[in-house]
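Visitor:
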Amino acid sequence: MDSGGLTPRRCDCCAEADLVPFSDLGEVPVETGIHFATEGEATASPLGRVILGFCPSCAYVRNLAFDESLIDPTAPTDMNLCHSATFRAFCSQVVADLSTRYALAGRRVLEIGSAQGEFLRELCAVAGCTGVGYDVSYAGPEGPDPSGADLRRGPAPLDGDLPAFDFLVSRFVLEHVTDPYGFLLRLRERVGDRRVAGHLQVPDAGYDLATAGWELIYPHVSAFNASALHRIATRAGWRVTAVGQCFSGLIAYLEVSSDGAGAAGDIDVTPLRDRHLAAIRGFDRRHHAQRRRWRDTIARLADEGARPVLWGAGSRGVQLLNLADPDRRFAAVVDVNPRKWGRYLPGTGHRVDDPACLAGLGTSAVVITNPAYRTEIEKSLADMGVSATVLVA
Ligand SMILES: [Zn+2]
Numbered sequence: 005m006d007s008g009g010l011t012p013r014r015c016d017c018c019a020e021a022d023l024v025p026f027s028d029l030g031e032v033p034v035e036t037g038i039h040f041a042t043e044g045e046a047t048a049s050p051l052g053r054v055i056l057g058f059c060p061s062c063a064y065v066r067n068l069a070f071d072e073s074l075i076d077p078t079a080p081t082d083m084n085l086c087h088s089a090t091f092r093a094f095c096s097q098v099v100a101d102l103s104t105r106y107a108l109a110g111r112r113v114l115e116i117g118s119a120q121g122e123f124l125r126e127l128c129a130v131a132g133c134t135g136v137g138y139d140v141s142y143a144g145p146e147g148p149d150p151s152g153a154d155l156r157r158g159p160a161p162l163d164g165d166l167p168a169f170d171f172l173v174s175r176f177v178l179e180h181v182t183d184p185y186g187f188l189l190r191l192r193e194r195v196g197d198r199r200v201a202g203h204l205q206v207p208d209a210g211y212d213l214a215t216a217g218w219e220l221i222y223p224h225v226s227a228f229n230a231s232a233l234h235r236i237a238t239r240a241g242w243r244v245t246a247v248g249q250c251f252s253g254l255i256a257y258l259e260v261s262s263d264g265a266g267a268a269g270d271i272d273v274t275p276l277r278d279r280h281l282a283a284i285r286g287f288d289r290r291h292h293a294q295r296r297r298w299r300d301t302i303a304r305l306a307d308e309g310a311r312p313v314l315w316g317a318g319s320r321g322v323q324l325l326n327l328a329d330p331d332r333r334f335a336a337v338v339d340v341n342p343r344k345w346g347r348y349l350p351g352t353g354h355r356v357d358d359p360a361c362l363a364g365l366g367t368s369a370v371v372i373t374n375p376a377y378r379t380e381i382e383k384s385l386a387d388m389g390v391s392a393t394v395l396v397a
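Under this note's numbering, think of the first position of the sequence shown as 5, with each following residue one higher.
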């Protein structure tokens, strides 16, 4: 595709090449994590353009049309995934793994993007560490609590009063940051000569660019695969100790150390980069074909009387609804998070209901957008006595 008048932008990860536009997703909701009290507010909520560009050198992907001024950092988003037993189990597994591999007892963990503190409290309890966590959406009491976690509302003060820390955790933050290189660089500068390690997670662009790409939502300025994570962290002065995928391949993780022992480049991410570049080349055609396919499938199921339902009103679900169900042919949209029940989703204005509404709805087809939740959702359907085929979009 042509650059459509976009200003050329140097790659944020490696700074070795300009980003090349490759897919125009059109206009999508600016905030997928906000749920509205009325349908009118939901359908009137702002839209923003997504035009994806990639780096031919490191395979980093960014929304070239991203406008930071459209995002309200104080808006009450609810991206909490902990209502899912599958996600809670995954978080507990990460806590156990970090506690086993790193000597965290008596140390202080910094978590940037600590949500409501679930992960940090569990890490403190299991690893015997203390922790300080920052999140703009944190709604509980601020300050230290008996778990050892000290939770604060607001962004982490990267330029000023950041407390000294021994271990960094940041999950599902880096993809939202306008200047991810500056973010990692400032953290590295704060660490100075001390020995600090870190564990970061992002949605894996290696999955999203190789599939329909429902996770390529407006609030995600960047889409990182493991090779791009490696490049950006290395350039910001961290030594990369591990990169890879977890959670059924939907999440990419990065582990770093401030300890320079062992040259950067110990890990060869070239095969990951090349595979990702191949996925990027096929993405635009695949994405638009998947939009048409799901729009047709949802309409056909509705016409056949299957009363199709979307299970999962998170960011992926909201993106699917906006790209593939603008006419609201789904009979219902359900989610396990009670805070979403009775509220309306941005853009299309679908209402979210309790999954219990499926009993008696007569649905025979349930669409999900995240294969990691398939087993949990199939069990819930069986427990409710609902006999429905689960389709993964
Ligand atoms: Zn690059």
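Note that beta-carbon positions come from the ideal geometry of N, C-alpha and C, so glycine has one too. A quick note: this is a predicted structure, and the numbers were derived from the prediction, not measured.
Please classify Glu115 as buried or exposed, where buried requires at least 16 other C-beta atoms within 10 Å of its C-beta.
Guide: By the neighbour-count rule (16 or more Cβ atoms within 10 Å), Glu115 is buried.
Visitor: Threshold first: 3 residues or longer. Then list the beta strand (DSSP E) segments lying entirely within the segment 116-198, N to C.
Guide: DSSP runs (the beta strand (DSSP E)) wholly in the segment 116-198: 134-139, 153-157 and 171-175.
Visitor: Where does Gly202 sit, in a helix, a strand or coil, going by DSSP?
Guide: Looking at Gly202 - three-state DSSP - the assignment turns out to be strand.
Visitor: Do Trp242 and Ser261 count as a contact pair if the criterion is CB distance below 8 Å?
Guide: Yes, the pair counts as a contact, with Cβ atoms nearer than the cut-off.
Visitor: Could you name the residues of the same chain whose beta carbon sits closer than 8 Å to that of Arg198, not counting the 5 residues immediately before and after it, in chain order?
Guide: Result list for Arg198: Ala168, Asp170 and Ser262, in chain order.
Visitor: Which residue's Cα is closest to the Cα of Leu220: Gly164, Arg157, Ile284 and Cys15?
Guide: Ranking Gly164, Arg157, Ile284 and Cys15 by Cα distance to Leu220 puts Ile284 first.
Visitor: Runs of 3 residues minimum, wholly inside the segment 232-291: which ones carry the beta strand (DSSP E) assignment?
Guide: The segment 232-291 contains these whole beta strand (DSSP E) runs: 243-250 and 255-261.
Visitor: Give the straight-line distance between the Cα atoms of Ala268 and Ala237, rounded to the nearest whole angstrom.
Guide: Unreliable positioning characterises Ala268 in this predicted model, as indicated by a pLDDT of 49, which lies under 50. A coordinate reading is not provided.
Visitor: Within 10 angstroms of the Cβ of Gly346, are there 16 or more other Cβ atoms? Answer buried if so, exposed if not.
Guide: Its Cβ having fewer than 16 others within 10 Å, Gly346 is exposed.
Visitor: Which residues count as close to ligand 1 when the rule is a CB under 5 Å from any of its heavy atoms, in chain order?
Guide: Those satisfying the condition are, in chain order, Cys15, Cys17, Cys18, Cys59, Ser61, Cys62 and Tyr64.
Visitor: Buried or exposed: Gln323, going by 16 or more other Cβ atoms within 10 Å of its Cβ?
Guide: Classification for Gln323: buried.
Visitor: With a threshold of 8 Å on Cβ separation, who are the neighbours of Glu43 within its own chain once the five nearest residues in sequence on each side are excluded?
Guide: Correct list, in chain order: Tyr348, Gly353 and Arg355.
Visitor: Is it right to say Leu325 is buried, meaning 16 or more other beta carbons lie within 10 angstroms of its own, or is it exposed?
Guide: Buried, because 16 or more other Cβ atoms sit within 10 Å of the Cβ of Leu325.
Visitor: Hey, would you say the C-beta of Arg343 is under 7 Å away from at least one heavy atom of ligand 3?
Guide: Judged by which ligands are present, ligand 3 is missing from the structure shown, whose ligands are ligand 1.
Visitor: Apart from the five residues just before and just after Val177, which ones in its own chain have a Cβ nearer than 7 Å to its Cβ?
Guide: For Val177, where only same-chain residues beyond five positions count, the Cβ hits under 7 Å are Ile116 and Gly117.
Visitor: Fully enclosed by the segment 300-343, which beta strand (DSSP E) runs are 3 residues long or longer?
Guide: Qualifying beta strand (DSSP E) stretches, in chain order: 313-315 and 336-338.
Visitor: Keeping to the same chain, check which residues put their C-beta closer than 8 Å to that of Leu395; ignore five residues upstream and five downstream.
Guide: Here the set comprises Thr301, Ala369, Val370, Val371 and Ile372.
Visitor: State the Cα-Cα distance for the pair Ser141 and Tyr257, rounded to the nearest angstrom.
Guide: Cα-Cα distance, rounded: 23 Å.
Visitor: Confirm, please, whether the CB-CB distance from Leu124 to Ala153 is below 8 Å.
Guide: Result yes, Cβ atoms of Ala153 and Leu124 sit closer than 8 Å.
Visitor: At which residues does the alpha helix (DSSP H) containing Phe91 begin and terminate?
Guide: Where Phe91 is concerned, the enclosing alpha helix (DSSP H) stretches over Ala89 to Arg105.
Visitor: Going by DSSP, what residues sit across from Phe40 in a beta bridge?
Guide: The partner list for Phe40 (beta bridge, DSSP) reads Tyr348.
Visitor: With DSSP as the reference, please indicate the residues paired to Ser226 in a beta bridge.
Guide: In the DSSP output, where bridge partners are listed per residue, Ser226 has Arg66.
Visitor: Buried or exposed: Ala109, going by 16 or more other Cβ atoms within 10 Å of its Cβ?
Guide: The residue in question, Ala109, is exposed, as its Cβ has fewer than 16 Cβ neighbours within 10 Å.
Visitor: Taking only the alpha-carbon atoms, compute the straight-line gap between Phe228 and Ile255 and give it to the nearest angstrom.
Guide: Approximately 10 Å, taken between the alpha carbons.
Visitor: My output table needs one value for Glu35: the three-state DSSP class, helix, strand or coil.
Guide: Correct three-state label for Glu35: coil.
Visitor: At what residues does the alpha helix (DSSP H) containing Ala209 begin and finish?
Guide: Here the alpha helix (DSSP H) through Ala209 covers Ala209 to Asp212.
Visitor: Just to confirm the assignment, what range does the beta strand (DSSP E) spanning Ile372 have?
Guide: Ala369 to Ile372 is the span of the beta strand (DSSP E), which, as asked, contains Ile372.
Visitor: Counting pairs of Cβ atoms below 8 Å between the segment 15-25 and the segment 181-195, do you hit three or more?
Guide: The segment 15-25 vs the segment 181-195: in contact.
Visitor: Using DSSP with H/G/I as helix, E/B as strand and the rest coil, what is Ile55?
Guide: Ile55: strand per DSSP, three-state reduction.
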